[in-house]
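These notes concern the structure reproduced below.
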Amino acid sequence: MEFVHFLKNPKKYEDLGAKIPKGALLVGPPGTGKTLLAKATAGESGVPFLSISGSDFMEMFVGVGPSRVRNLFQEARQCAPSIVFIDEIDAIGRARGRGGFSGSNDERESTLNQLLVEMDGFGTTSGVVVLAGTNRPDILDKALLRPGRFDRQIAIDKPDIKGRDQIFRIYLKKLKLDNKPSFYSQRLAALTPGFAGADIANVCNEAALIAARSEETQITMQHFESAIDRIIGGLEKKNRVISKLERRTVAYHESGHAVAGWFLEHAEPLLKVTIVPRGTAALGFAQYVPNENLLMTKEQLFDMTCMTLGGRAAEEVLIGKISTGAQNDLEKVTKMTYAQVAVYGFSEKVGLLSFPQKDGGFELSKPYSNQTASIIDDEVREWVGKAYKKTVELITEHKEQVAQIAELLLEKEVLHQDDLTRVLGERPFKALDQPTTTSLRKVSRMVVTTAKHQQRTPSCLMIHLPQLVTLYPRSVSLLNVRAVH
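Residue 973 is where the sequence shown starts when you use our numbering, and the numbers rise one by one after that.
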């Protein structure tokens, strides 16, 4: 709205000696509506809107990129005041000096240089506001981000529960439902954390397609459930042959997660679990009530570690044999514990030191000695061992209930929180920042599910926390899917 006010009332700012910002960078993950927001800004301001993708500047011929930049800004100045929107600006705005010595790299740098000149160089004129969208602000050239070019960086994150409610209402209005849109939007918004606007649109469209294939005249909650399940785990594989032993192992594994999460104060309680095979790798998946805390304590992370180990513990205690199904669980536990020891200063032996790992690969050299590395390894192994010991004790204590949940899951294939409450009783813990079990049971009766996406983790907690949805992989060869239990 700030830029809208700038464009509608430029004289008000000029009289005070202020300069209207040249541009703003819209930063956020894919599907959050960066392009739509730019269009809405132009529409609200009542000024011409010129849009182009960063990749459109690049061609096989030398000089095409800079020429297109000049033509774009020339057209924008002719109809000023106007808005220029460059989508995926990282295609041309990456920091110079990267990418080797190829000619295409020289062309990209020439295009970037021309863009820098057009935005804040000799001969530029006011009246043109440049908006750009990207989900990789870390790789952009520093000259592009300095004041006078992109004066503002606007973070467009995935919507919260209120935002999801409003987005659902917009898309649900276009559908033929068996109830009013607000009836669905509130329930779906509460159970779809991590969904972007594009994901919400996909859920609504998928539900309509399922209803049409079923020859239904209206869309029901069952259709939304099927749509979300399909987005989460892929197509249902009705013809997949699964042995009784595999099916039993999956059921007890997921039951272990469910019981561990139910009786651990800081863990995420189960909302829904299924052992229906879906997609190419999933023999089942579980969904949990999300914990969207911005800060995590050592005790909270310990409980979440125990919950993640609940599947392996259940296999060992009740089946007597362990399977490869816990591979993703162990990977997640390792990353989580390493972060506590080596990044967040939770370990007394390592001390108040932080060695964050770089994203996207292994480091050739570590910023600490071999002795420190050995201490970190020993601490991680000890912490995981303590968590697993506590988990085994918890599963052993509730051994009969784990078996009841597993057998019920084998019978029904899908369990909701209501089913867990009947077997386990009311959850003994109720977090202040989470919905009550009673309110969640009401939603569970409507047969709705949570989101597939990994829980949003703030920048101050750059660790891989347990996902809201966890998949059970079929075999070792299929364990490279991005899923945990």
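Don't be surprised by glycine CBs; every beta carbon is placed ideally from N, CA and C. Here the structure is a predicted model, which is why all the values come from computation and not from measurement.
Query                                                                                                                            : Result
Rounded Cβ spacing between A1161 and F1140 (contact assumed at less than 8 Å)                                                    : 6 Å
Beta carbon of V999 nearer than 7 Å to that of P1109                                                                             : yes
Residues that A996 bridges to, as DSSP identifies them                                                                           : L1103, R1124
Three-state secondary structure assigned by DSSP to V1245                                                                        : strand
Any 3 or more C-beta pairs closer than 8 Å across the region 1011-1031 and the region 977-994                                    : yes
Which of helix, strand or coil DSSP assigns to V1056                                                                             : strand
Supposed close pair V1356, V1289 - CB separation, criterion 8 Å                                                                  : Incorrect: roughly 17 Å between the Cβ atoms, too far for contact.
N-terminal and C-terminal residue of the beta strand (DSSP E) that V1386 is part of                                              : 1386-1388
S1157 in three-state terms, based on DSSP                                                                                        : helix
The region 1187-1194 / the region 1236-1251 touching (three or more Cβ pairs under 8 Å)                                          : no
Contacts around Y1340, its chain only, beta-carbon distance under 7 Å, and the 5 residues preceding and following it disregarded : F1327
Residue environment, A1183, which counts as buried when at least 16 other CB atoms sit within 10 Å                               : buried
6 Å CB neighbourhood of E986 in its chain, flanking five on each side removed                                                    : none
DSSP-derived helix/strand/coil call for I1061                                                                                    : coil
N- and C-terminal bounds of the beta strand (DSSP E) containing I1024                                                            : 1021-1025
Cut-off 8 Å between Cβ atoms - residues of its own chain near G1075, not counting five sequence neighbours on either side        : Unreliable positioning characterises G1075 in this predicted model, as indicated by a pLDDT of 45, which lies under 50. A coordinate reading is not provided.
Neighbourhood of L1149 by C-beta, 7 Å cutoff - its chain only, sequence neighbours within 5 removed                              : Y1156, Q1190, I1191
A1052 and G1105 closer than 7 Å at C-beta                                                                                        : no
8 Å Cβ shell around Q1125 - same chain, five flanking residues per side excluded                                                 : A996, L997, V999, P1109, L1117
Backbone CA spacing between I992 and E974 [nearest angstrom]                                                                     : 10 Å
7 Å CB neighbourhood of A1199 in its chain, flanking five on each side removed                                                   : V1175, E1178, A1179, I1182
Segments assigned alpha helix (DSSP H), at least 4 residues, entirely inside the region 1194-1230                                : none
Proximity of G1251 and G1206 at Cβ, strictly below 7 Å                                                                           : yes
Backbone secondary structure at I1191 - three-state DSSP                                                                         : strand
Inside the region 1321-1383 only - alpha helix (DSSP H) runs reaching at least 4 residues                                        : 1342-1369
Assigned exposure category for Q1343 - 16 Cβ within 10 Å defines buried                                                          : exposed
Within 7 Å, strictly: CB atoms of E1060 and S1025                                                                                : yes
Beta-carbon proximity of Q1312 to L1273, cut-off 7 Å                                                                             : yes
Inter-residue Cα distance where the pair is K1012 and D1092                                                                      : The sequence given here has Ala at residue 1012, not Lys. Each residue's Cα considered, the two are about 25 Å apart.
Where the alpha helix (DSSP H) containing E1047 begins and where it ends                                                         : 1036-1050
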